[in-house]
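The structure appears right after this line, and notes come after that.
Numbering (this note's numbering), first residue to last: 1 to 971.
Take a look at the structure:
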């Protein structure tokens, strides 16, 4: 809090208190004047409302006039009234006081004068003044007068109460000035008020910011009510009652059980043993901030004087608490300011000292001592970030033995829940009690820390102005403790100062080491290293390699105008470029350029300079650095290499194969013009793995797998399909490559060719098919010949008929083999096969044959068996069927059908009409031909056949599957 604001607030509170005291004293003066005035008024009243009476002590009878009797609430009467009539309307205390007063006056033969209160009857509440004297001759007869002094008595009571109230308030104000602690103020006020009022309990409750709860920190009790220190919910004591408090209204309740505002909360009041109360709310800026409450264990009627006093005390208490708090805050603020100033002075002095010291460890010890002093402890540790940047290492400790177990345990293994956590979070960490760390107590580390009397700690990361975390500054405490916020703030500033010092120290050390390494490197380097002043361009440093390259000693080069010494060595045509590059670096850029120099011995050297700016702390270019490399030999090699590459490129671009260059894993770096022309790719598109875009998608994975396998074997040999850009098809290519290696055997690159092998693959496939087919057909042919011979011999026997039929069937086989020999260049269709068999019998010239159907290609492996079946059908038709008579007709029709289950199938129907032969001739048609159709075709070709021979017609159908290679052709 601002000190000036606190002082202003304190002055305002003191002025308010002075005003209240002046008002009280003024009121006391007014009341003194009123007393003097009242004395005069009493004299005037003595003649009015006076009653006379006569009291016979022996007979205990009293006669009185009408005025006297009216004072006691009796009607006028002539006869005397017994003494008991009057004593019944007195209080017991009044009876005793009257008896003692009259007895003493008679004994002393003097007048008596006293006051009595009427406590019963119609005159209840009236105060009566008795004045009387006994007769001399008859002392048992007392005569006297009585006055109604009710108003005077009440005024006196108010006056006495006011005097007591003022006395109490003045004494309270004087006492309040002596206290400087808010709790002491509250304790004194509650005790004084409770004792003054004869209450059972007085509490001062402060409201939460929400206004829903109040907290009683101190209360006074007379022993009849237990302490109610604690936190209480306001709504528990009746919503209506609390609503009045929040509105700033004083609430006085004689009996909480009977009052409608508190009756619903009777249980809550019973719990705190309160039966009657006066609660004075303190509402500031529209918010309930505190309540001064006076409680009684029994019901009680609270007088207006009581309520007014409680209200006044409440305001004075609030003002006093505010004053004390303001004074306390001021003292604390001034104390913190003084501590801050002292801490800042110490920080300033420490910073000055460590900035000039070369003793790094001594500086760390000073930093650690300051941290210990700021946090008011005797223990501390500095941990610096190790070279990895991920761990902390203890480098200095204070308050521990050199070989303390806790130091050794965490020297290079920082406490995870402590300094390590502060390092990771880059935030100050405070643990006020080690027992609060979950699961730590009872562990080996927990026992070690406890045995070392470490019960609390703070860890502050040391972060430099550049944001680099260099370590953690921590202090430890022997008891549970939390340092003040001011102390932690000073430690934070100390950590920042320490971080900058440590970072600067490390930077200086690194710079010295770097400079030493630089000189060692520069003196051993074969390249020229140099540094120039950016303004004058004079050399500040020149490495020994200058003499070997330029032919001029370093001493001579650094004598006189060093920039002129350099430019004079440069070939005239290159000087302008060199000067422009130096200027660009002076302006903050970078430059790499090549130039030639004339050595003093007449030699010519090529150099490549790499120049760069060197900036100072302000960011301005202060120096120009450079590295000069002798590239004379490199220039010669580059020229020879260009010539060699030119010859190689001419060769590679002239061969028909697709050529390319690649790094490992198929990472192409160049593609020859042949590849670009074939695939349509650009040079850039083929680089990397871009060449795969021209490869068939199904072959890409295998191609990359071949590259994975190529490196261990040092050879790439694979085949894949490449898309020809001119018309779109993918053609098979064979890719071969071998690596180019350096002298150590490491692969530099791969040189490869991709050759078109599409025709070769097709021919190889056809050759494989033909060889397999030839072998199959040869086996089948032998089996067929054997079958033909056996069937023919069975039918004819070994005679002329055998030779004729056997030769006819061998002729059919011969025709089929003739077709098969042309199958590779001239595919065989079902129509050709049907026409071939009919033509062999001379049947198609007779004009009663009908052929109908598409030209369907037949697989060579099915031609032979199907041809034999057609031969048998045709031969039987010529001998016995439709082709053996003038009126016979033959119809052969075929078509292709398709279904999802069976695919494509060829269906052939052979139909003969008007065959007209005898039963014996028809029965001969049930021989070899029918056996072939009904048994051989289903077995060999998975065909479905039907053979139906009637008296005048023949129906035969053949339904066999076609392969995917079988397709329709134009007729």
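Cβ atoms here follow ideal geometry from the backbone N, Cα and C, with glycine treated the same way.
**Prompt:** Are residue 527 and residue 627 close, meaning C-beta to C-beta below 7 Å?
**Reply:** Numbered from its first residue, the chain shown carries residue 527 at position 527. Numbered from its first residue, the chain shown carries residue 627 at position 627. The answer is yes: Cβ separation under 7 Å.
**Request:** Leaving out five residues on either side along the sequence, give the residues of the same chain with a beta carbon under 8 Å from the beta carbon of residue 365.
**Result:** Residue 365 sits at position 365 when you count from the first residue of the chain shown. Result list for residue 365: 396, 398, in chain order.
**Prompt:** Roughly how many angstroms separate the alpha carbons of residue 120 and residue 170, rounded to a whole number?
**Reply:** The sequence position of residue 120 within the chain shown is 120, counting from 1. The sequence position of residue 170 within the chain shown is 170, counting from 1. When rounded, the distance between both Cα atoms is 39 Å.
**Item:** Among 193, 245, 144, the one whose alpha carbon lies nearest that of residue 316
**Value:** As a working note, residue 316 is residue 316 in the chain shown. The option with the nearest alpha carbon to residue 316 is 193.
**Request:** Please report the residue range of the alpha helix (DSSP H) in which residue 712 lies.
**Result:** Along the chain shown, one-based indexing puts residue 712 at 712. Unbroken alpha helix (DSSP H) run through residue 712: 697 to 713.
**Prompt:** Is the Cβ-Cβ distance between residue 276 and residue 304 less than 7 Å?
**Reply:** Translated into positions along the chain shown, residue 276 becomes position 276. Translated into positions along the chain shown, residue 304 becomes position 304. For residue 276 and residue 304, no; Cβs fall outside 7 Å.
**Prompt:** By Cβ distance, which residues of its chain are closer than 6 Å to residue 489, with the 5 residues on each side in sequence left out?
**Reply:** Position 489 of the chain shown, counted from the start, is the residue given in the question as residue 489. Excluding positions up to five away in sequence, the list is empty.
**Message:** Measuring only the C-alpha atoms, how far is residue 706 from residue 717?
**Reply:** The residue given as residue 706 occupies position 706 in the chain shown. The residue given as residue 717 occupies position 717 in the chain shown. So the alpha carbons of these two residues sit roughly 8 Å apart.
**residue 954 to residue 730 span [Cα, whole Å]** = Here residue 954 is taken as the residue at index 954 of the chain shown, counted from 1. Here residue 730 is taken as the residue at index 730 of the chain shown, counted from 1. Between residue 954 and residue 730, the C-alpha separation is close to 52 Å.
**Message:** Within a Cβ cutoff of 6 Å, which residues of the same chain sit near residue 742, ignoring the five residues on either side of it in sequence?
**Reply:** Residue mapping note: residue 742 aligns to position 742 of the chain shown, counting from 1. The residues are 748.
**Message:** Within a Cβ cutoff of 7 Å, which residues of the same chain sit near residue 426, ignoring the five residues on either side of it in sequence?
**Reply:** Locating residue 426 in the chain shown gives position 426, where the first residue counts as 1. Contacts found: 461, 463, 469.
**Request:** Pick out the complete beta strand (DSSP E) segments inside the region 716 to 777, 3 residues or longer, and give them in chain order.
**Result:** 716 to 723, 730 to 741, 747 to 756
**Item:** Beta-carbon proximity of residue 51 to residue 67, cut-off 7 Å
**Value:** Position 51 of the chain shown, counted from the start, is the residue given in the question as residue 51. Position 67 of the chain shown, counted from the start, is the residue given in the question as residue 67. Yes; because the gap between Cβ atoms is below 7 Å, this pair is in contact.
**Asked** Under the rule that 16 or more other beta-carbon atoms within 10 Å means buried, what is residue 606, buried or exposed?
**Response** As a working mapping, residue 606 is identified with position 606 in the chain shown. Result: buried.
**Item:** Whether residue 849 touches residue 888 by CB criterion (7 Å)
**Value:** Here the question's residue 849 lines up with position 849 in the chain shown. Here the question's residue 888 lines up with position 888 in the chain shown. Taking 7 Å as the Cβ cut-off, residue 849 and residue 888 do not qualify as a contacting pair.
**Message:** Just to check my reading of the structure: residue 679 and residue 694 have Cβ atoms closer than 8 Å, yes? What is that Cβ distance to the nearest angstrom?
**Reply:** In the chain shown, the residue the question calls residue 679 occupies position 679. In the chain shown, the residue the question calls residue 694 occupies position 694. Confirmed, about 4 Å.
**Request:** Can you grab the Cα-Cα spacing for the pair residue 291 / residue 324, in whole Å?
**Result:** Residue numbering aside, residue 291 sits at position 291 when the chain shown is read from its first letter. Residue numbering aside, residue 324 sits at position 324 when the chain shown is read from its first letter. Cα-Cα distance, rounded: 18 Å.
**For residue 84, the nearest candidate out of 102, 101, 59, 106 (CA to CA)** = By one-based count along the chain shown, residue 84 stands at place 84. Cα-wise, what sits closest to residue 84 is 59.
**Prompt:** Does the Cβ-Cβ distance between residue 532 and residue 624 come in under 7 Å?
**Reply:** In the chain shown, the residue the question calls residue 532 occupies position 532. In the chain shown, the residue the question calls residue 624 occupies position 624. Closer than 7 Å, so yes.
**Prompt:** What separation, rounded to the nearest whole angstrom, lies between the Cα atoms of residue 860 and residue 837?
**Reply:** Locating residue 860 in the chain shown gives position 860, where the first residue counts as 1. Locating residue 837 in the chain shown gives position 837, where the first residue counts as 1. For residue 860 and residue 837, the distance between alpha carbons rounds to 17 Å.
**Message:** Using only CA atoms, which one of 279, 190, 285 lies nearest to residue 293?
**Reply:** Residue 293 sits at position 293 when you count from the first residue of the chain shown. Cα-wise, what sits closest to residue 293 is 279.
**Prompt:** Where does residue 472 fall in DSSP's three states?
**Reply:** For the purposes of this step, residue 472 is taken as residue 472 along the chain shown, with counting starting at 1. In this structure, residue 472 counts as strand in the three-state DSSP scheme.
**Asked** Would you call residue 956 buried or exposed, if buried means 16 or more other Cβ atoms sit within 10 Å of its Cβ?
**Response** The count along the chain shown starts at 1 and reaches residue 956 at position 956. Per the 10 Å Cβ criterion, buried.
**Request:** May I ask you to report which of helix, strand or coil DSSP gives residue 565?
**Result:** Indexing the chain shown from 1 puts residue 565 at position 565. Three-state DSSP puts residue 565 in a helix.
**Bridge partner(s) assigned by DSSP for residue 533** = Residue mapping note: residue 533 aligns to position 533 of the chain shown, counting from 1. DSSP lists 623 as partners of residue 533.
**Request:** State yes or no: is the C-beta of residue 129 within less than 7 Å of the C-beta of residue 149?
**Result:** Translated into positions along the chain shown, residue 129 becomes position 129. Translated into positions along the chain shown, residue 149 becomes position 149. Result yes, Cβ atoms of residue 129 and residue 149 sit closer than 7 Å.
**Item:** Rounded separation between residue 133 and residue 123 - CA only
**Value:** Translated into the one-based positions of the chain shown, residue 133 becomes position 133. Translated into the one-based positions of the chain shown, residue 123 becomes position 123. Taking the straight line joining both Cα atoms gives about 25 Å.
**Request:** Give the straight-line distance between the Cα atoms of residue 950 and residue 911, rounded to the nearest whole angstrom.
**Result:** Locating residue 950 in the chain shown gives position 950, where the first residue counts as 1. Locating residue 911 in the chain shown gives position 911, where the first residue counts as 1. Between residue 950 and residue 911, the C-alpha separation is close to 11 Å.
**Asked** Are the beta-carbon atoms belonging to residue 459 and residue 472 less than 7 Å from one another?
**Response** In the chain shown, the residue the question calls residue 459 occupies position 459. In the chain shown, the residue the question calls residue 472 occupies position 472. In contact: residue 459 and residue 472 (Cβ atoms closer than 7 Å).
**Request:** Apply the 10 Å Cβ neighbour rule to residue 256 and answer buried if 16 or more other Cβ atoms are within range, or exposed otherwise.
**Result:** Locating residue 256 in the chain shown gives position 256, counting from the first residue. That one is buried.
**Prompt:** CB residue 475 to CB residue 404, shorter than 7 Å?
**Reply:** Reading the chain shown from its first residue, position 475 is the one you call residue 475. Reading the chain shown from its first residue, position 404 is the one you call residue 404. In this structure, residue 404 does not lie closer than 7 Å to residue 475 by Cβ.
**Prompt:** I think residue 207 touches residue 236, with their Cβ atoms under 8 Å apart; what is that distance to the nearest whole Å?
**Reply:** Counting from one through the chain shown, the residue named residue 207 turns up at place 207. Counting from one through the chain shown, the residue named residue 236 turns up at place 236. Between residue 236 and residue 207 the Cβ distance is about 14 Å, and since that is not below 8 Å, they are no contact.
**Asked** How close, in whole Å, do the beta carbons of residue 852 and residue 893 come, if the pair is a contact with beta carbons under 8 Å?
**Response** Along the chain shown, one-based indexing puts residue 852 at 852. Along the chain shown, one-based indexing puts residue 893 at 893. That belief holds up - the Cβ atoms of residue 852 and residue 893 are roughly 5 Å apart, short of 8 Å.
**Prompt:** Which residue comes first and which comes last in the beta strand (DSSP E) that contains residue 127?
**Reply:** Mapped onto the chain shown, residue 127 falls at position 127. Per DSSP, residue 127 belongs to the beta strand (DSSP E) from 127 to 134.
**Request:** Could you tell me how far apart the beta carbons of residue 600 and residue 558 are, in whole angstroms, since I believe they sit closer than 8 Å?
**Result:** Here residue 600 refers to the residue found at position 600 of the chain shown. Here residue 558 refers to the residue found at position 558 of the chain shown. Not a contact, Cβ separation roughly 16 Å.
**Request:** Please confirm whether residue 374 and residue 243 have their CB atoms less than 7 Å apart.
**Result:** For the purposes of this step, residue 374 is identified with residue 374 of the chain shown, where counting begins at 1. For the purposes of this step, residue 243 is identified with residue 243 of the chain shown, where counting begins at 1. Contact: no.
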